[in-house]
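Residue numbers (my numbering): 10 to 446.
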């Protein structure tokens, strides 16, 4: 029987901060040489009459693209403050995250060009009534207006004091970490050791997550990155929308993850410490970070996606991104999913991938790697991959010289095998992206 479907370690410990705000250790050596040699992106004073001074970077970077710092200002009425940030360059709503800690520390992150992020950090002149904020976008998401409630009707002359890291552009992995109280509202077993977990954050944290980026989950003093998922089919979206509406508070956000529970781990066992939807009391979520850039996919004839178990998580948002953009320049997607299960029906989201494989641009190659009754398990090998790929027709309008790219996510040994397979298939290193761990 064929299993082929045709169809139309990063982890940091750090002392807990009372403000839930930390300076992260660098986990990358990405150079900042393309920015100002002095790196003096200083904080600036913001007048209180709505005519705040912006600040422009003195350089160009990222291949010559203008990465000028945004114009920043604030306005107010009797009850509210309106903090406004506007970029000259193209933005997207999923590139913004805004948080308020201790009713006084405003933290803004905006992706200017993956993996680079503009970071804003202001200590407000005085604490607000509560930590709730609202956000509104204008000018095709180039401008965000953050609304906060004052403690009284006094006019503010200054909004507050910019913090040392304020108004900087840096790789997302070097941006200070920020965390916000969170609650688990749903747990759902997918396969052995793998769960879909829904985490709710409150009105003090307004965010979206770019395609194939991550967030930090923290319990106690330990935190680790995990990739939020996106639902692919209308049936999935409808089911979990009902769950959101019945279990979330007003102005809260529910984020879904597919997480493998490691019995000896410092975070994941605590997510299941109690039955039902109970949460660790010190659970926190925050710190959107990543490096994936959808521009990397332009003019791709075939995209190979390798996923081992929970390694499917980052690629759910990528597949959703391509599915929702019929004109996007990826002609064909091949998902090669490996799970430690006995039957194909038990694969993570198997019905979803079978449904999607009815579209002529999507192909699904599942590997159920445990022995089932009367059958040998599928071995994830270079030979099996080559054999499966040989059965897939080339995208229409392409010749023999396909422009192929490959991505992989899963346990380190799995991604190492994927990398070796892609090199054997003559993929250039620049056309390979791996997420290990």
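The C-beta atom is built at its ideal place from N, Cα and C for all residues, glycine as well.
Cα-Cα separation, residue i to residue j
i           : j           : result
residue 297 : residue 218 : 7 Å
residue 209 : residue 375 : 32 Å
residue 3   : residue 104 : Examination of residue 3 is not possible in this model, given that the chain is present from 10 through 446 alone.
residue 435 : residue 276 : 38 Å
residue 25  : residue 426 : Note that residue 25 has pLDDT 44, beneath the 50 cutoff, so the model's placement of it is unreliable and the number below is only indicative. When rounded, the distance between both Cα atoms is 38 Å.
residue 392 : residue 128 : 47 Å
residue 240 : residue 252 : 13 Å
residue 250 : residue 408 : 43 Å
residue 95  : residue 172 : 19 Å
residue 328 : residue 265 : 16 Å
residue 305 : residue 191 : 33 Å
residue 445 : residue 235 : 12 Å
residue 368 : residue 319 : 24 Å
residue 280 : residue 163 : 44 Å
residue 243 : residue 142 : 30 Å
residue 138 : residue 420 : 45 Å
residue 98  : residue 216 : 20 Å
Where the alpha helix (DSSP H) through residue i begins and ends
i           : result
residue 430 : 421-433
residue 114 : Premise fails: residue 114 lies in the beta strand (DSSP E), 114-122, not in any alpha helix (DSSP H).
residue 278 : 277-280
residue 397 : 391-399
residue 106 : Careful: residue 106 lies outside any alpha helix (DSSP H), inside the beta strand (DSSP E) at 105-110.
residue 327 : 322-332
Helix, strand or coil at residue i according to DSSP, with G and I counted as helix
i           : result
residue 373 : strand
residue 316 : strand
residue 127 : strand
residue 378 : coil
residue 81  : strand
residue 365 : helix
residue 200 : strand
residue 181 : helix
residue 241 : coil
residue 230 : coil
residue 139 : coil
residue 235 : strand
residue 186 : strand
residue 154 : strand
residue 451 : The structure shown does not extend to residue 451, since the chain spans only 10 to 446, so no value can be given for it.
residue 307 : coil
residue 438 : helix
residue 223 : strand
residue 174 : coil
residue 405 : coil
residue 359 : helix
residue 353 : helix
residue 7   : The structure shown does not extend to residue 7, since the chain is modelled only from 10 to 446, so the question has no answer here.
residue 246 : helix
residue 195 : strand
Residues near residue i in its chain [Cβ-Cβ closer than 7 Å; skip 5 each side]
i           : result
residue 401 : 343, 372
residue 108 : 116, 187, 189, 213, 214, 295
residue 222 : 297, 298, 299, 301
residue 430 : 391, 394
residue 411 : 310, 311, 403
residue 450 : With the chain covering 10 to 446 only, the question about residue 450 has no answer from this structure.
Endpoints, the beta strand (DSSP E) within which residue i is located
i           : result
residue 91  : 89-95
residue 459 : Lying before the first or after the last residue shown, residue 459 is absent from the chain, which here runs from 10 to 446.
residue 339 : 339-348
residue 160 : Here residue 160 belongs to no beta strand (DSSP E), and DSSP marks it neither H nor E.
residue 171 : 169-171
residue 296 : 292-298
residue 264 : 262-269
residue 301 : First-last for residue 301: undefined, no H or E at that position.
residue 445 : 441-445
Cβ shell of residue i (< 8 Å), same chain only, five flanking positions each side left out
i           : result
residue 378 : 347, 348, 349, 350, 386, 387, 388, 389
residue 359 : 353, 375
residue 40  : The predicted model places residue 40 with a pLDDT of 27, which falls under 50 and marks its position as unreliable; any figure quoted below should be read in that light. Excluding sequence neighbours, residue 40 sits near nothing in its chain.
residue 355 : 200, 348, 377
Neighbourhood of residue i by C-beta distance below 6 Å, restricted to the same chain and skipping five residues each side
i           : result
residue 413 : 311
residue 169 : 131, 132, 133, 134
residue 440 : 414
residue 406 : none
residue 437 : none
residue 314 : 324, 344, 416
residue 211 : 261
residue 340 : 310, 404
Residue i: CB within 6 Å of a non-hydrogen atom of the ligand SAH
i           : result
residue 312 : As far as ligands go, the structure on display features none, and thus does not contain the ligand SAH.
Practice prompt. Specify whether the region 180-187 and the region 195-203 touch according to this definition: at least 3 beta carbon pairs, one from each stretch, less than 8 Å apart.
Written response: Cβ pair count under 8 Å is below three, so no.
Discussion item. With a threshold of 8 Å, are at least 3 pairs of Cβ atoms found where one atom belongs to the region 75-90 and the other to the region 147-159?
Written reply: With contact defined as three or more Cβ pairs closer than 8 Å, the region 75-90 and the region 147-159 are in contact.
Worksheet item: With contact counted as at least three CB pairs below 8 Å, one residue from each stretch, are the region 138-151 and the region 168-183 in contact?
Response: Output reads no: the region 168-183 does not touch the region 138-151.
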